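Asker: For the sequence shown, the UniProt record's numbering gives the first residue as 1, with consecutive numbering after it.
Built from N, CA and C at the ideal position, the CB exists for glycine as well.
For clarity, every value in this text was computed on a predicted model and none was experimentally measured.
Let me begin by handing over the structure; questions about it come next.
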Amino acid sequence: MVASGGLDVGQPCVLRLEKQYAKLGKDILKKFGWLDLDRKVYSQADGTHICLPINEKFCTIFEDKQDLGDKFEPLTDFQSLKPSTWHIWLEDISSSAAMNLLMTCRANKIVDKVMKVKKTPISPFKVMKEAVATLLNHHDLPSELLEQLPSRWERLGDIIVFPVFSFKDQVWDSIGKELWPLVAESLGTHRLARQVLTFESAWYKSRCSELTLKTFLVLGENNYITAPFYWPSCTNWNKRQQVRDSCWIMAGLITVKMAYCILLMQPSACSLGAIFVRSCAWPILTAKIKANAKMVYACEWNPHAIEALRHNLEANSVADCCVVLEGDNRVTAPKGVADRVCLGLLPSSECSWVTAVRALRDEGGMLHIHGNAKDTEEGLWTKHVVQSISDIAKSEGRSWEVLIDHVERVKWSIGSQKQISFNFVLGAMTCALADDSCQLMHEEQSCHLILMAGTPALRLKISSKNKFSFFTSATRTAFSWLRNIFHDCFVESCDASLLLDSTRRMLSEKETDRSFGMRNFRYIETIKEALERECPGVVSCSDILVLSARDGIFALGGPYIPLKTGRRDGRKSRADILEQHLPDHNESMSVVLERFANIGINTPGVVALLGSHSVGRTHCVKLVHRLYPEVDPALNPAHVEHMLYKCPDAIPDPKAVQYVRNDRGTPMKLDNNYYRNILDNKGLLIVDHQLATDKRTKPFVKKMAKNQDYFFKEFARAITILSENNPLTGTKGEIRKQCNLANKLH
Numbered sequence: 001m002v003a004s005g006g007l008d009v010g011q012p013c014v015l016r017l018e019k020q021y022a023k024l025g026k027d028i029l030k031k032f033g034w035l036d037l038d039r040k041v042y043s044q045a046d047g048t049h050i051c052l053p054i055n056e057k058f059c060t061i062f063e064d065k066q067d068l069g070d071k072f073e074p075l076t077d078f079q080s081l082k083p084s085t086w087h088i089w090l091e092d093i094s095s096s097a098a099m100n101l102l103m104t105c106r107a108n109k110i111v112d113k114v115m116k117v118k119k120t121p122i123s124p125f126k127v128m129k130e131a132v133a134t135l136l137n138h139h140d141l142p143s144e145l146l147e148q149l150p151s152r153w154e155r156l157g158d159i160i161v162f163p164v165f166s167f168k169d170q171v172w173d174s175i176g177k178e179l180w181p182l183v184a185e186s187l188g189t190h191r192l193a194r195q196v197l198t199f200e201s202a203w204y205k206s207r208c209s210e211l212t213l214k215t216f217l218v219l220g221e222n223n224y225i226t227a228p229f230y231w232p233s234c235t236n237w238n239k240r241q242q243v244r245d246s247c248w249i250m251a252g253l254i255t256v257k258m259a260y261c262i263l264l265m266q267p268s269a270c271s272l273g274a275i276f277v278r279s280c281a282w283p284i285l286t287a288k289i290k291a292n293a294k295m296v297y298a299c300e301w302n303p304h305a306i307e308a309l310r311h312n313l314e315a316n317s318v319a320d321c322c323v324v325l326e327g328d329n330r331v332t333a334p335k336g337v338a339d340r341v342c343l344g345l346l347p348s349s350e351c352s353w354v355t356a357v358r359a360l361r362d363e364g365g366m367l368h369i370h371g372n373a374k375d376t377e378e379g380l381w382t383k384h385v386v387q388s389i390s391d392i393a394k395s396e397g398r399s400w401e402v403l404i405d406h407v408e409r410v411k412w413s414i415g416s417q418k419q420i421s422f423n424f425v426l427g428a429m430t431c432a433l434a435d436d437s438c439q440l441m442h443e444e445q446s447c448h449l450i451l452m453a454g455t456p457a458l459r460l461k462i463s464s465k466n467k468f469s470f471f472t473s474a475t476r477t478a479f480s481w482l483r484n485i486f487h488d489c490f491v492e493s494c495d496a497s498l499l500l501d502s503t504r505r506m507l508s509e510k511e512t513d514r515s516f517g518m519r520n521f522r523y524i525e526t527i528k529e530a531l532e533r534e535c536p537g538v539v540s541c542s543d544i545l546v547l548s549a550r551d552g553i554f555a556l557g558g559p560y561i562p563l564k565t566g567r568r569d570g571r572k573s574r575a576d577i578l579e580q581h582l583p584d585h586n587e588s589m590s591v592v593l594e595r596f597a598n599i600g601i602n603t604p605g606v607v608a609l610l611g612s613h614s615v616g617r618t619h620c621v622k623l624v625h626r627l628y629p630e631v632d633p634a635l636n637p638a639h640v641e642h643m644l645y646k647c648p649d650a651i652p653d654p655k656a657v658q659y660v661r662n663d664r665g666t667p668m669k670l671d672n673n674y675y676r677n678i679l680d681n682k683g684l685l686i687v688d689h690q691l692a693t694d695k696r697t698k699p700f701v702k703k704m705a706k707n708q709d710y711f712f713k714e715f716a717r718a719i720t721i722l723s724e725n726n727p728l729t730g731t732k733g734e735i736r737k738q739c740n741l742a743n744k745l746h
């Protein structure tokens, strides 16, 4: 059968869509069963179109639509929506309307000439080798040249970077016009590059070596781009970023980005301004967009870097909040305005250390320093930096204590040199509270305390061996920390009573049935031990519990919530009254709302706090009553199958690790997907179902399902109220020496 468009309906086809509509198109095809799951989605060589494999059912409907001569007008209502809200708009769409939408998005059905079948994957190297072998045979060239084909490569955006030894023979140049497009097509790209050695100069600049229609580029030893083009990217925390070739891109840069992201994305009320020396776009955009710095100063003297930086600032709509200072930073950098200074100069930034110290506020701040050091001289280099910064600060009349926060090993370079990123915490860091009042304090009033108690900066007080392992563990236990604040602060007072162990006269809250599944308290103890070694009797366990929850929420993708400090610790467990305060997941919505109202949290706050069910898991012992002996008819049948698979026993062993993820889509991300799930009857607990159906809460559920910003706003407000529930301050309570024991037991 041949359709009117000239395509054989029996031939495998794909639906070609512009890249901006690819996600939408795939969602539509999956929703109506039109996607061919046996073949892979792939992009065309130009990178502007995505090809989605479609089945015969879709092909027939598509051809019928075209035969009818339907004309499709632009869907203005849809075009006004953000991509993140498309799935909500598609929930109630009909198949006919969906097909119209695809037509409106300029979808084209074409024959699948690539045929990337999922069941028989072929390695890209094999595809490239076979294609090149055919080309060599065609030109009667020796097959030994195949030994110069790279078996590994790196992908930077849409560029594939080959190692320096690849395609070394000059014979390759003689067939370059045929070779490079062939290699690019076999690897699914349209730009290739090869590493070469670089040379030092005042700045990284282009050595243009374009070959064969601008498809083969030559990069430096550390993947420094040496041919002119813009590199578009939507990854690594920038909304939209273009990096100029005349600056630099390197494979090891992702490690630097991770380090900067961890540090810069821990916002502090103290971080009012940041200065960047050697101003690549990604740390500046991270500081402004993610860490929400109030002002960023960028010092740069490379004209190409300045051009790219200005472009990226405009593209991300933050140009008004960034001052670009052109020229030598030792002349242009402002003084006394910054909380952070990031020195990106290589191979050494030492020439600008005085400038960096002068740029910080009088009370100190943080320096991020890049530098090179041999592997065996890392310790010497670290001491040199600390001593140098201390001497500079002293010469500038500043009485600072210089402490190392973290050392990040970025990448190896030639000559057994290791490029190392050094991050330092500077400031008059004392062990006394900024304000000895009897009230909780905002973080702005006690920044030095936050530097000690906040998760990232805490690492400076832990041995080098434990710096990384502690942070890794902390990110894995973020949900535990979120649960801690709910169980502790909800029960009469936010005083860390939850953390106390059982004694002969007192049962621990941790050992009650309501605390089933709670774990990872040892990390709170680790934090407390580190703080007690440096500042004994200053930071309470209740403050640590609250601040760890704050950082846990942020680590899970939620909002950063400035919380007050200055709490003191209680001396007794409240296990005996716990049931009177904590709402139960099987109680009526009226009881749940009443218990939250008792501590000042209104209905939107209740709905937002229960959004915590978006992350983590629910043990089978808490939900089997909805599955056995009969399945709760309120549950989504499609979801029941998964629940029965995870919880196969009507009476599960409480010691067995049997659980269901609260959110199968984004199980460890705090987002508004929870609300969409419960509206679709996929909530695991009774309280989840009631939240989506009760007339008092359902309007807020719908609003949060559509608007994550609204969810985060109400969530932050509710967490703040919870963290300030009847705290012990002044002379009440105590500052425990160990979080699991009251001081009188020491």
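Taking the alpha helix (DSSP H) that Ile553 belongs to, which residues open and close that run?
Answerer: The residue given as residue 553 occupies position 553 in the sequence shown. Taken as a continuous stretch (DSSP letters only), the alpha helix (DSSP H) holding Ile553 covers 541-555.
Asker: Could you please give the first and the last residue of the uninterrupted alpha helix (DSSP H) stretch that includes Gln708?
Answerer: To locate residue 708, count along the sequence shown from 1; it is residue 708. 708-723 is the extent of the alpha helix (DSSP H) around Gln708.
Asker: Contact check, Ile561 vs Leu670 under 8 Å by CB: the rounded distance?
Answerer: Position 561 of the sequence shown holds residue 561. Position 670 of the sequence shown holds residue 670. Rounded, the Cβ-Cβ distance is 12 Å, inconsistent with contact.
Asker: With DSSP run on the structure shown, which of helix, strand or coil describes Pro53?
Answerer: Here the question's residue 53 lines up with position 53 in the sequence shown. Three-state result, Pro53: strand.
Asker: Helix, strand or coil: which one does DSSP assign to Asn100?
Answerer: Mapped onto the sequence shown, residue 100 falls at position 100. Asn100: helix per DSSP, three-state reduction.
Asker: Enumerate in chain order the residues of its own chain whose CB-to-CB distance from Thr603 is below 7 Å, with the five nearest sequence positions on each side excluded.
Answerer: The sequence position of residue 603 within the sequence shown is 603, counting from 1. Taken in chain order, the residues that qualify are Leu593, Arg696, Thr697, Phe700.
Asker: To the nearest angstrom, how far is it from the Cα of Met589 to the Cα of Ala478?
Answerer: Position 589 of the sequence shown, counting from 1, holds the residue named residue 589. Position 478 of the sequence shown, counting from 1, holds the residue named residue 478. Rounded to whole angstroms, Met589 to Ala478 spans 27 Å at the Cα level.
Asker: Would you list the residues sitting across from Lys109 in a DSSP beta bridge?
Answerer: Residue 109 sits at position 109 when you count from the first residue of the sequence shown. DSSP output for Lys109 lists Leu15 as bridge partner(s).
Asker: Let me make sure I understand the geometry here. Which of Asn677, Arg533, Leu149 has the alpha-carbon closest to that of Val615?
Answerer: As a working mapping, residue 615 is identified with position 615 in the sequence shown. Of Asn677, Arg533, Leu149, the residue nearest in Cα terms is Asn677.
Asker: Evaluate Glu509 with the Cβ neighbour count: other Cβ atoms within 10 Å of its Cβ, from every protein chain shown; 16 or more gives buried, anything less gives exposed.
Answerer: Sequence index remark: in the sequence shown, residue 509 carries index 509 (1-based). So Glu509 counts as buried.
Asker: Closer than 8 Å by C-beta to Leu728: which residues in its own chain qualify, once you throw out the five before and the five after it? Chain order, please.
Answerer: Walking along the sequence shown from the start, residue 728 turns up at place 728. Counting only Cβ-Cβ distances below 8 Å, and skipping sequence neighbours, we find Ser493, Asp495, Ser542, Arg567, Arg568, Asp569, Gly570.
Asker: Which of the three DSSP states, helix, strand or coil, is assigned to Cys620?
Answerer: Position 620 of the sequence shown, counted from the start, is the residue given in the question as residue 620. Helix at Cys620.
Asker: From the DSSP output, in three-state form, read off Leu360 for me.
Answerer: Residue 360 sits at position 360 when you count from the first residue of the sequence shown. Three-state result, Leu360: strand.
Asker: Specify, as a first and last residue, the run of the beta strand (DSSP E) that Phe596 falls within.
Answerer: Translated into positions along the sequence shown, residue 596 becomes position 596. Note, Phe596: premise wrong, no beta strand (DSSP E); alpha helix (DSSP H) at 589-597.
Asker: Please state whether the Cβ-Cβ distance between Leu15 and Asn108 is less than 9 Å.
Answerer: In the sequence shown, residue 15 corresponds to position 15, counting from 1. In the sequence shown, residue 108 corresponds to position 108, counting from 1. Cβ distance < 9 Å, so Leu15 and Asn108 count as in contact.
Asker: Excluding sequence positions up to five away, which residues of its chain have a Cβ less than 7 Å from the Cβ of Val386?
Answerer: Counting from one through the sequence shown, the residue named residue 386 turns up at place 386. Excluding positions up to five away in sequence, the list reads Val402, Ile404.
Asker: Given a cut-off of 9 Å, decide if Leu610 and Asp688 are closer than it, judged by their beta-carbon atoms.
Answerer: Along the sequence shown, one-based indexing puts residue 688 at 688. Along the sequence shown, one-based indexing puts residue 610 at 610. In this structure, Leu610 lies closer than 9 Å to Asp688 by Cβ.
Asker: Straight-line CA distance for Glu534 to Ile524?
Answerer: On the sequence shown, position 534 is the one that residue 534 refers to. On the sequence shown, position 524 is the one that residue 524 refers to. Roughly 16 Å separates the two Cα atoms.
Asker: Whole-angstrom Cβ separation of Phe58 and Leu29, contact assumed at under 8 Å?
Answerer: Walking along the sequence shown from the start, residue 58 turns up at place 58. Walking along the sequence shown from the start, residue 29 turns up at place 29. Contact flag correct, Cβ pair sits at about 7 Å.
Asker: Going by CA-CA distance only, name the one from Met704, Ser573, Gly517 that's closest to Cys620.
Answerer: Here the question's residue 620 lines up with position 620 in the sequence shown. When C-alpha distances from Cys620 are compared across Met704, Ser573, Gly517, the shortest belongs to Gly517.
Asker: Within the same chain, show all residues whose beta-carbon is closer than 6 Å to that of Ala131, passing over the 5 residues directly before and after it, in chain order.
Answerer: In the sequence shown, residue 131 corresponds to position 131, counting from 1. Taken in chain order, the residues that qualify are Leu182, Ser186.
Asker: Is it right to say Thr550 is buried, meaning 16 or more other beta carbons lie within 10 angstroms of its own, or is it exposed?
Answerer: Counted from its first residue, the sequence shown places residue 550 at position 550. First, the amino acid is wrong: residue 550 is Arg here, not Thr. Buried is the call here.
Asker: Grouping DSSP H, G and I as helix and E and B as strand, with all else coil, what is Ser349?
Answerer: Position 349 of the sequence shown, counted from the start, is the residue given in the question as residue 349. DSSP places Ser349 in the coil class of the three-state scheme, outside both helix and strand.
Asker: Residue 766 to Val546, Cα distance in whole Å?
Answerer: With the chain represented from 1 up to 746, any question about residue 766 goes unanswered, as that position is not in the structure.
Asker: Rounded to whole angstroms, what's the CA-CA distance from Ser94 to Phe32? Just pull it up for me.
Answerer: Translated into the one-based positions of the sequence shown, residue 94 becomes position 94. Translated into the one-based positions of the sequence shown, residue 32 becomes position 32. Distance between the alpha carbons of Ser94 and Phe32 is about 9 Å.
Asker: What runs of the beta strand (DSSP E), each 3 residues or longer, lie entirely inside the segment 120-204?
Answerer: Along the length of the segment 120-204, whole beta strand (DSSP E) runs at least 3 residues long occupy 154-156, 159-162, 191-195, reported in chain order.
Asker: Excluding the five sequence neighbours on either side, which residues of its own chain have a C-beta within less than 6 Å of the C-beta of Val640, listed in chain order?
Answerer: Along the sequence shown, read from residue 1 onward, the residue named residue 640 stands at position 640. Answer for Val640: Val631, listed in chain order.
Asker: Figure out for me which residue from Leu90, His190, Ile160, Leu141 has the closest Cα to the Cα of Ile174.
Answerer: Mapped onto the sequence shown, residue 174 falls at position 174. The sequence given here places Ser at residue 174; Ile does not occur at that position. The candidate whose alpha carbon is nearest that of Ser174 is Leu141.
Asker: DSSP on Gln738, reduced to helix/strand/coil?
Answerer: Residue mapping note: residue 738 aligns to position 738 of the sequence shown, counting from 1. Of the three classes helix, strand and coil, the one that applies to Gln738 here is strand, per DSSP.
Asker: From the DSSP output, in three-state form, read off Tyr628 for me.
Answerer: The residue given as residue 628 occupies position 628 in the sequence shown. If DSSP states are grouped into helix, strand and coil, Tyr628 belongs with coil.
Asker: With distances taken Cα to Cα, identify the nearest neighbour of Ala555 among Trp481, Arg152, Gln170.
Answerer: Sequence index remark: in the sequence shown, residue 555 carries index 555 (1-based). Residue Trp481 holds the alpha-carbon nearest to the alpha-carbon of Ala555 among Trp481, Arg152, Gln170.
Asker: Let me know if Gly605 comes out buried or exposed under the rule of 16 or more other beta-carbons within 10 Å of its beta-carbon.
Answerer: Translated into the one-based positions of the sequence shown, residue 605 becomes position 605. Looking at its Cβ environment, which holds 16 or more other Cβ atoms inside 10 Å, Gly605 is buried.
Asker: Counting along the chain, where does the alpha helix (DSSP H) carrying Tyr560 start and finish?
Answerer: Walking along the sequence shown from the start, residue 560 turns up at place 560. According to the DSSP assignment, Tyr560 belongs to no alpha helix (DSSP H), since it is labelled neither H nor E.
Asker: Buried or exposed for Ile369, please, with buried defined as at least 16 other CB atoms from any protein chain shown within 10 angstroms of its CB.
Answerer: As a first step, residue 369 is located in the sequence shown; it is residue number 369 there, counting from the start. Ile369 comes out buried.
Asker: From Val354, Gly365, Asp362, pick the residue whose C-alpha is nearest to that of Asp391; which is it?
Answerer: For this step, residue 391 is matched to residue 391 along the sequence shown. Shortest Cα-Cα distance from Asp391 to any of Val354, Gly365, Asp362 involves Val354.
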